[in-house]
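Adding 533 to a residue's 1-based position in the sequence shown gives its number in the working numbering.
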Amino acid sequence: MKKSFLTLFAGLSVLAGCTQTDLNDKHQPGTDPVEIQMYSNAVSINPETRAPFEGTSSNPNNLTAKVIATPTANKNYASPFVSGTMTFTDQVTRVPFNSGYTGNNFYPSDNSSLSFVGLYPDTGWTEATTSASFTITGYEDVMVAKEVTSSKSIDLGGTYPTLAFKHPLTKLDITLKSEDADAITAWGKINKIEIVKANGTDNPAKTITATLADGSAAVS
């Protein structure tokens, strides 16, 4: 009985040692997947659009933007590495992709770098290789965050990418005045204000195209 007990004990020791070794191999520092997370801020510039984010986002005024990542080696935002939305609550909280993203939300394991851009609002954009277009309706703010680059090793080193959103459109303040309350009643509710001419040109531009590398934008 004593010999059998010692043999069994030795067998358990070998098994336990192998299990610990396997665990160590799987959890070496820097080998685990690194989730893509980002910071954001909304930069105030003049002139500004009718912006809900003049300065920085904060609860409950969260900024939900479309974030696109593409391999830096062959930038093509029309065929991204991952694309989806991120909801930023402030400038000091890193956030991941929301549920429903398309692609891989972890950095490439080979440490190749990714380039990121941000677009607001989070829907309505058409992406091309190096640009994105949006049809202006006047009902929403439009913001673009120029390209930033990061990788798994940069993230593990404690440096994280920040998307700086800027307003590419011009803000117009329109004030309507009446002589008295009766005039307001007679006029009724204003449902729409539309600009039909700008700088002497009929049919003002309604499409904005952003160059994603530097966040610059043009209208057409």
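Think of the CB as a built atom: it goes at the ideal place given N, C-alpha and C, for glycine as much as any other residue.
Between residue i and residue j, what straight-line distance do the alpha-carbon atoms span, to the nearest angstrom?
i	j	result
residue 682	residue 694	7 angstroms
residue 641	residue 604	9 angstroms
residue 739	residue 620	27 angstroms
residue 615	residue 716	55 angstroms
residue 632	residue 617	8 angstroms
residue 643	residue 684	9 angstroms
residue 697	residue 595	15 angstroms
residue 557	residue 692	Only weak support is given to the placement of residue 557: the predicted model assigns it a pLDDT of 32, under 50, and the value that follows is read from those uncertain coordinates. Residue 557 and residue 692: Cα-Cα distance of roughly 26 angstroms.
residue 663	residue 609	6 angstroms
residue 714	residue 736	34 angstroms
Could you pull the start and end residues of the beta strand (DSSP E) that residue i belongs to?
i	result
residue 740	740-744
residue 668	664-668
The alpha helix (DSSP H) spanning residue i covers which residue range?
i	result
residue 599	It is not in any alpha helix (DSSP H) - residue 599 instead sits in the beta strand (DSSP E) that spans 596-604.
residue 647	Unbroken run through residue 647 is the beta strand (DSSP E), 647-653; no alpha helix (DSSP H).
Assign residue i to buried or exposed, taking buried as 16 or more other Cβ atoms, counted over all protein chains shown, within 10 Å of its Cβ.
i	result
residue 648	buried
residue 672	exposed
residue 748	buried
residue 741	buried
residue 652	buried
Let me make sure I understand the geometry here. Which of the options has the alpha-carbon closest to that of residue i?
i	options	result
residue 665	572, 746 and 571	746
residue 752	572, 703, 723 and 711	703
Which class does residue i belong to by DSSP, given the choice of helix, strand or coil?
i	result
residue 582	Because the pLDDT of residue 582 is 42, which lies under 50, any placement of that residue in the model is unreliable, and the number read from its coordinates should be weighed accordingly. Coil, per DSSP.
residue 685	helix
residue 574	strand
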